[in-house]
Amino acid sequence: MRRVLVASSVLLLLMFSSWSSTVNSLELDDAKEANGRAANVVISELFISPNNLVANETNSNIYGAVDWNGDGDYGKYSDQFIEIWNSGDAPQDVSSWLLSTTSGSPPCQLPYNTTLDADERLVVFRADSDLDLSYFDGETVSISDTNSNLINSMSFPASDSSYGRSYISDDGSLTKDDPTPGRAADYSEPYTVPDNIVNCYKLTNTDSSRAFLLKGRVVTMDGENNVINDGNVMIRDGKITGVWASNANPPAGVDFTDVPIVETEGTIYPGLIDLHNHVHYNHIPLWDFDVHLSDSQKSEEGGYTNRYQWGNNWDYGPSITWMKTNIQSTYRWDMASEQMKYAEVQAVSGGVTAMQGSPSSGTQAWDSILSRNVELYNFGQDGISTCAVCGAADDDYTGSHLISQSEAGTLNAWFVHLSEGVDQSSKDEFDALWSKNLIMDETIVIHGTALDSSQFSKMASVNSELVWSPLSNLLLYGDTTDVVAADQAGVSISISPDWGPSGSKNNLHELKVADMWNTNNLGGHFSNYELVEMVTCNPADATGWTPFVGRIKADLYADLVVIDTFHEDPYRNLIEAIDADVALTVVQGKAVFGDVDLMQQLQGDDWEYVNGTGFQKAVDVTSLTEVDGSQTFAEIEAGLAMAMRHEFDDMKANWVEFNGDSDEEINAWLNTTFDGDYKDNVNRLKNLTLDPIFTSGDDRYFDVINRSTHANYHIDLTKLYDNYYTVEMENGDRINVNVQLPDDNTNTGNNNNNGGNTNNGGDTTTLPGPTDNNTVDDDDDMFADQPDDQFIDEAEADEATKNQLKLILLIIVIALLFGLYVVSRGDDDDLLNSQTTVIDKIWDDEDVNESSSDSDGKDDSIDIKDKVASAMKSSGLSAVRLFTAIDQTNDGYVSRREIRTAVNTLLKDSVKVSDIDAMLDTFDANGDGVISLDEFLTVMEKHQPKQFVPVLPDLKPPPK
């Protein structure tokens with residue numbers, strides 16, 4: 005029998021070998037033919053449209069613009085388009101091909117399973133791709149195949165395109181003509197929205213899919229004594245999969261496949277979380293000001309008495325407001341994205357992995373590169389609201405929408421700047437919010453400088469939290485929050501720096517001011533552990549992020565910071581750490597900042613230098629999946645430094661407002677626009693130094709602090725530098741450091757809920773050991789402790805081997821045949837199976853039939869309600885949560901465009917593009933073209949539990 009099986013197998017193998025050679029020959033011929041057909045795919049039309057084509061007052065179309073994609077929006081952010089044409093006479097598969105531009109937009113990928121028939125066209129709108137076609141810079145648009153081979157490109161010059169006209173490629177020459185998206189240039193029928201619109205999908209960022217093992221002292225922040233002196237933190241796919249001591253077995257199920265081991269020689273902490281900042285100001289250096297009030301108006305210490313005073317200082321505009329506005333204005337420096345990236349580098353340089361206080365718009369270029377942004381989408385949720393200057397204490401502010409969100413379970417946290425000052429009016433703000441029931445579990449009080457013990461007791465009674473920013477309080481008012489009273493009342497406290505003009509550069513440095521205040525003014529009320537809690541687990545808990553970050557435990561996200569180990573006390577080690585001590589910052593499993601050698605090990609060559617005083621670090625600010633993701637830190641830093649100088653020639657060359665103006669006209673305009681409160685026709689634009697990334701070496705920072713008399717009224721801040729920053733170092737390493745840590749107990753240090761540092765059955769015998777640098781000693785008896793009955797004796801093993809050999813050749817043949825089948829399927833099956841991209845075929849016959857199956861408007865209405873209810877069920881979202889997720893602009897209304905976007909994401913399994921009109925007809929009760937939350941809930945109330953349907957006030961109309 006065995007001889008027959010072997011002979012048959014050999015015959016099959018010979019037949020397969022001959023067939024395989026023939027197939028290979030045919031495949032080579034087919035490849036040549038396919039390459040020839042691919043060359044027929046061209047970029048055939050580009051349309052660049054100006055923005056703001058509606059009247060601000062009426063929101064009506066007063067310029068005769070065409071809504072080319074039919075989404076209800078006009079202008080560049082929606083209607084710019086790229087047309088792709090198969091000019092050949094045979095079909096061409098363009099599945100997963102890439103579209104790219106040269107002005108900074110990230111490339112995108114055409115849908116899977118997309119074939120262009122002969123003479124067929126596809127059109128990609130900006131609303132479906134985020135590809136920006138720049139009027140001012142000009143552009144080259146390219147299409148490439150899945151192997152990155154350039155297939156075709158089309159370019160147009162800067163400042164050349166005409167409103168309402170497209171660029172057409174005519175035998176290699178560029179002409180302008182009327183737009184005909186998705187149709188030939190000679191199309192002359194009345195315009196209708198084309199049926200060959202496709203999405204172009206953002207490429208998936210794979211940085212967080214890497215796996216690596218960090219070794220070092222592990223400070224879990226899951227209990228003061230839960231520290232592992234010689235520990236391991238396993239990271240895979242952006243999350244922590246195991247935490248254990250080196251003298252214990254790894255937890256069950258930890259996967260060591262292709263895992264580099266990183267010997268940090270440092271102490272690993274949860275990433276620091278900043279719950280109070282104004283990130284878009286953090287390029288501005290510490291404000292050097294004189295209190296402009298009379299002595300009778302000043303605080304006891306000589307500072308301001310409340311937050312509404314210092315903004316009236318005549319230097320506030322030149323030193324702060326103008327430095328922010330000019331940087332961010334699209335008509336001036338247009339560097340809003342660069343500024344945010346710079347500010348986030350400043351944050352991650354201090355181990356900060358999440359920041360509150362980021363802008364809510366224009367986020368595409370920075371939201372997914374460095375630190376998390378608390379108000380934006382994180383961990384599959386977006387339940388954060390912020391009130392920085394909303395007037396929550398005013399009589400006409402009800403905040404009923406917040407109460408409704410709280411009752412509906414859709415509010416994770418409400419950040420409110422409250423009682424910032426030292427006078428009675430600041431104190432009264434709290435009482436006003438208490439009377440409105442706005443001091444609640446989700447309320448996070450920022451500052452609370454004027455509050456007393458009775459008010460803190462009220463906060464504690466509803467589990468409200470406090471954010472403490474001591475340096476900013478001292479520099480502005482001369483005193484800070486009574487955090488002892490807050491702590492004694494039971495209020496959870498977090499520490500954050502506020503902002504660049506009056507605070508520390510990040511949490512790591514604000515922690516030192518808090519430590520000084522605790523030691524010198526509070527009698528050491530807070531332990532070292534409690535201070536570290538205030539920058540790690542406390543802010544995570546306050547934000548509702550306990551299941552995700554704030555501690556080092558299995559199944560939490562890998563947001564971590566590694567600090568060089570120089571102190572036996574792990575908590576003093578963080579409190580006293582300065583810039584050069586930050587060895588590594590990791591956000592969702594991606595190394596974004598740290599020592600050069602660690603970044604090289606984890607990021608290869610995808611990093612660049614950041615220079616400090618006497619040391620260098622490495623940072624990675626690039627990402628090909630983000631807008632302007634190719635910008636380097638050096639480019640960002642140089643551009644911002646130039647902008648902060650406000651030199652005349654630079655402004656003339658870059659400010660759009662000066663196009664065509666003479667020097668005399670420009671100077672006259674500057675004199676009247678930037679004379680500020682002086683009103684004397686004298687230009688007071690300042691030449692300021694860009695705020696440095698690092699605190700160490702920033703002499704101006706310490707000088708401003710030291711010279712502030714009111715800031716030094718209760719504490720000698722001149723000792724801040726001497727106490728923490730006078731550290732002897734060589735190339736960024738502390739000298740004469742010799743920390744000897746004790747061995748770990750074998751029953752501690754495990755965070756995987758498996759009963760201590762035991763394997764509990766996990767098979768780790770075939771995995772590289774976590775302590776042996778990826779090697780396995782062949783002499784090790786890995787089965788020494790197992791009972792004899794777990795082994796098969798030699799005779800049984802021999803017979804089993806013989807039986808297995810009988811089948812092995814047949815298995816080889818089957819495997820080869822199956823492999824051929826898999827190859828024929830193509831590499832893009834993974835893309836289809838993972839549902840990373842799905843084609844939006846709105847021309848699909850099945851969809852058309854489905855949308856036309858109902859002849860009665862009432863039947864359509866019932867059908868769409870059922871479809872939306874199905875989407876709610878499949879997504880696990882209540883009506884309020886689903887509406888909020890669709891409402892991308894957060895204005896309380898859902899537009900046609902937002903529905904169209906949701907059809908490709910949240911609603912894709914239940915609602916189709918052809919259902920959009922039915923949704924608007926069903927839910928838009930007042931016929932204004934958008935769906936309000938009230939309108940949506942009124943219709944969907946009976947399709948969900950009643951507790952998810954809050955009664956909301958009338959919402960204000962969308963912003964103009």
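Read in order, the letters of the sequence shown are residues 5 to 964 in our numbering. For glycine and all other residues, C-beta sits at the position ideal for the given N, C-alpha and C. As the structure is a prediction and not an experimental result, all values here were calculated from the model.
Per-residue DSSP class, three states only, for residue i
i: His-284; result: helix
i: Lys-440; result: coil
i: Ile-582; result: coil
i: Leu-689; result: coil
i: Gly-321; result: helix
i: Ser-48; result: strand
i: Gln-96; result: strand
i: Thr-118; result: coil
i: Val-907; result: helix
i: Ser-298; result: coil
i: Ser-138; result: coil
i: Arg-187; result: coil
i: Cys-112; result: strand
i: Glu-939; result: helix
i: Gly-246; result: strand
i: Val-536; result: helix
i: Cys-391; result: strand
Buried versus exposed call for residue i [16 or more other C-beta atoms within 10 Å across all chains shown]
i: Thr-693; result: exposed
i: Leu-154; result: exposed
i: Tyr-191; result: exposed
i: Gln-744; result: exposed
i: Ala-11; result: For Ala-11, the pLDDT reaches just 42, beneath the cut-off of 50, and the residue's location in the model is therefore unreliable, although a value from the coordinates is still provided. Ala-11 comes out exposed.
i: Arg-711; result: exposed
i: Lys-683; result: exposed
i: Gly-527; result: exposed
i: Ser-318; result: Ser is not the amino acid found at residue 318; the sequence shown has Trp there. Result: exposed.
i: Phe-787; result: Any reading at Phe-787 needs caution, since the residue's pLDDT is 29, under 50, leaving its predicted position unreliable; the model's value is listed next. Label assigned to Phe-787: exposed.
Of the residues the options, the one placed nearest residue i, counting alpha carbons only
i: Trp-659; options: Thr-329, Asp-136, Arg-336; result: Arg-336
i: His-282; options: Thr-484, Gln-84, Ser-506; result: Ser-506
i: Lys-323; options: Gly-504, Phe-460, Asp-164; result: Looking at the sequence itself, residue 323 is Ser, so the reference to Lys does not match. Taking only the C-alpha atoms, the option nearest Ser-323 is Gly-504.
i: Lys-219; options: Asp-226, Gly-227, Ile-239; result: Ile-239
i: Asp-435; options: Gln-459, Asp-427, Val-449; result: Gln-459
i: Asn-727; options: Trp-521, Asn-467, Val-488; result: Trp-521
i: Thr-730; options: Met-603, Ala-647, Asn-663, Ala-584; result: Ala-584
i: Ser-250; options: Ile-265, Asp-234, Pro-264; result: Asp-234
i: Lys-302; options: Val-536, Ala-252, Ala-622, Thr-713; result: Thr-713
i: Lys-869; options: Phe-940, Val-600, Arg-904; result: Phe-940
i: Ala-493; options: Ser-465, Leu-512, Val-145, Leu-480; result: Ser-465
i: Gln-313; options: Ala-256, Gly-425, Thr-325, Trp-291; result: Gly-425
i: Ser-700; options: Thr-569, Lys-516, Asp-609, Ala-883; result: Lys-516
Residue range of the unbroken alpha helix (DSSP H) whose run includes residue i
i: Gly-598; result: Careful: Gly-598 lies outside any alpha helix (DSSP H), inside the beta strand (DSSP E) at 594-598.
i: Glu-669; result: 667-677
i: Ile-172; result: First-last for Ile-172: 170-174, but that is the beta strand (DSSP E), not the alpha helix (DSSP H).
i: Thr-329; result: 326-332
i: Ser-410; result: 404-412
i: Ile-920; result: 920-927
i: Pro-274; result: Note, Pro-274: premise wrong, no alpha helix (DSSP H); beta strand (DSSP E) at 265-274.
Boundaries (first-last residue) of the beta strand (DSSP E) holding residue i
i: Asn-511; result: No beta strand (DSSP E) holds Asn-511; the alpha helix (DSSP H) holding it covers 511-525.
i: Lys-180; result: 177-181
i: Arg-221; result: 215-223
i: Phe-637; result: Taken as a continuous stretch (DSSP letters only), Phe-637 belongs to no beta strand (DSSP E), being part of the alpha helix (DSSP H) at 637-649.
i: Tyr-725; result: Taken as a continuous stretch (DSSP letters only), Tyr-725 belongs to no beta strand (DSSP E), being part of the alpha helix (DSSP H) at 723-728.
i: Ser-498; result: 497-499
Whole-number beta carbon distance between residue j and residue i, since they are thought to touch under 8 Å
i: Gly-142; j: Ala-162; result: 4 Å
i: Thr-523; j: Asn-416; result: Wrong, their Cβ atoms sit about 34 Å apart, outside the cutoff.
i: Pro-183; j: Phe-51; result: 5 Å
i: Lys-871; j: Val-934; result: Actually they are not in contact, since the Cβ atoms of Lys-871 and Val-934 sit about 19 Å apart, beyond 8 Å.
Minimum Cβ-Cβ distance from residue i to chain C less than 8 Å
i: Asp-684; result: Looking at the structure shown, chain C is missing, and only one protein chain is on hand.
Residue i Cβ short of 7 Å to the ligand FMN heavy atom set
i: Asn-153; result: Absence of the ligand FMN is noted for the structure shown, with no ligands found whatsoever.
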